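Engineer: Here it is, the structure, as structure tokens.
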Amino acid sequence: MKGIAGKRVFISAAAGGIGLVMAHRFLQAGARVHVCDVDEAALAQLDGSTDRLSGACADVADPGQMEAVFQAVAHELGGLDVLVNNAGISGPTANAESIAPADWQRTIDVNLNGAFYCSRLAIPLLKASGGGSIVNIASTAGLYGYPLRAPYSASKWALIGLTKTLAMELGPFGIRVNAVCPGTVEGPRIDGVIAAKAAARGVSAEEIRAAYRKKSSLRTLIAADDIAETVLFLCSDSGARIAGQALAVDGHTETLRMEAPIPDIVIGRLPVYLRTLRLLADEGREVTSSQELGEHLGISSAQIRKDLSHFGEFGKQGTGYNIAFLCQQLQKILNVDRIWPVILVGAGSLGTAIANYQEFESSGFSHRNSLG
């Protein structure tokens, strides 16, 4: 790519994943690259066949460590033309009220403060070079709300705000600042997430992967190479007039809520739970625990909680008295503030569940005969 050869590049968190792919692409284009990472073992595995690559073990969330890193950048590279703020962590997955302050702070420290510390130290070097480029690796979570991921989403929204502010401050010095917002990126991390979700829901990993694909209009996950090529483009002569942008590389995200596949047997039990809770309510009896509901239905409390876990994390809010009533009761059973009525994978699944409930209502069958 034109204009990359000879550039002096620093990339944070580049001993693996997207960062490592970016480092290799810059090297292939003729740049000199210095990286940092908290994974000392991974750093030791970096390609030693070229003297254009160097690295150091450091945590971007520690401003003292980053001072030392940028002293090394000035020494190893003799200056700086490109800064890529790639370091980031996923942070906790939980409702906001359940997130420990320490977990919130660590996510902000790495994802936002780390980018600020690196930028602050890089700016004098970039100015001394007569200009350059800063690219912040943000996320589509910085463009949308992201339920259960408040620290991560907040950090990425803030990173885009930092991007736009620095673009205004540094533009007169010939320093272009942009953000790249990846969608779901293929790799070991997402493979682990998919495997865990599949095991928890009793479905195949491919079903979960398909649900992730459905989040984007192109029905695809993103390759690390896609992100690397975009970053190189922004830092090349071809991107010389691009500044202050948050460029999504995501296949066009439609939602960050994943329509999670749910086993048919769980779908089948939805009208049973609706019917039972409604009957008990009509009798003036309030179910306050999954154990109590299980005793009434003749199934275990653990089974009920496993079934209902499918309705807690993913889905979209539906309408209708029956669904609202179920959610109101389940909130009490699970002791949570909100249960999202789920829209299952496949058109009409929620409507089918409601129809099944209505048919069940009029059938007169005992709820005990329909648990299967």
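Under our numbering, read the sequence shown as residues 6 to 377, first letter to last.
Where a beta carbon is used, it is the ideal one built from N, C-alpha and C, also for glycine.
Bear in mind that the values here come from a model prediction, so they are computed numbers and not experimental data.
For residue 122, I'd like the list of residues in its chain whose CB is within less than 6 Å of its CB, leaving aside the five on either flank, ordered along the chain.
Structural biologist: 68 and 71
Engineer: How would you call residue 257, buried or exposed, if buried means at least 16 neighbouring beta carbons within 10 angstroms?
Structural biologist: Exposed, since its Cβ has fewer than 16 Cβ neighbours within 10 Å.
Engineer: Could I get the ranges of all uninterrupted beta strand (DSSP E) runs contained in the stretch 129 to 215, with 3 residues as the minimum, in chain order?
Structural biologist: 137 to 142 and 180 to 187
Engineer: Among the candidates 310, 137 and 289, whose CA atom is the shortest distance from the CA of residue 298?
Structural biologist: 310
Engineer: Round the Cβ separation of residue 40 and residue 16 to the nearest angstrom and send it over; I've been treating them as touching at under 8 Å.
Structural biologist: 5 Å
Engineer: Under a Cβ-count criterion, where at least 16 other Cβ atoms within 10 Å of its own Cβ denotes burial, should residue 244 be classed as buried or exposed?
Structural biologist: buried
Engineer: Within this structure, are the beta carbons of residue 199 and residue 180 separated by less than 7 Å?
Structural biologist: no
Engineer: Take the Cβ of residue 246 as the centre, count every other Cβ of all protein chains shown within 10 Å, and call the residue buried at 16 or more, exposed below.
Structural biologist: exposed
Engineer: Starting from residue 245 and walking both ways along the alpha helix (DSSP H), at which residues does that stretch end?
Structural biologist: Premise fails: residue 245 is in no alpha helix (DSSP H) and is neither H nor E.
Engineer: Please classify residue 54: is it buried, with 16 or more other beta-carbons within 10 angstroms of its beta-carbon, or exposed?
Structural biologist: exposed
Engineer: Work out the CA separation of residue 209 and residue 287 for me, nearest whole Å.
Structural biologist: 39 Å
Engineer: Would you mind working out which of 11, 47 and 24 sits nearest residue 35, comparing C-alpha positions?
Structural biologist: 11
Engineer: Let me check one thing: in DSSP terms, what residues is residue 39 bridge-paired to?
Structural biologist: 15 and 59
Engineer: Take residue 249 and list the residues in its own chain whose beta-carbon comes closer than 6 Å to its own, dropping the five residues that flank it on each side.
Structural biologist: Hits under 6 Å: 169 and 172.
Engineer: Going by the beta-carbon positions, is the gap between residue 164 and residue 143 smaller than 7 Å?
Structural biologist: yes
Engineer: For residue 221, which three-state DSSP category applies?
Structural biologist: strand
Engineer: Taking residue 134 as the reference, which of 156, 159, 149 and 84 has the closest Cα?
Structural biologist: 84
Engineer: Give the DSSP-derived three-state secondary structure of residue 51 in the structure shown.
Structural biologist: coil
Engineer: Taking residue 281 as the reference, which of 302, 33, 289 and 233 has the closest Cα?
Structural biologist: 302
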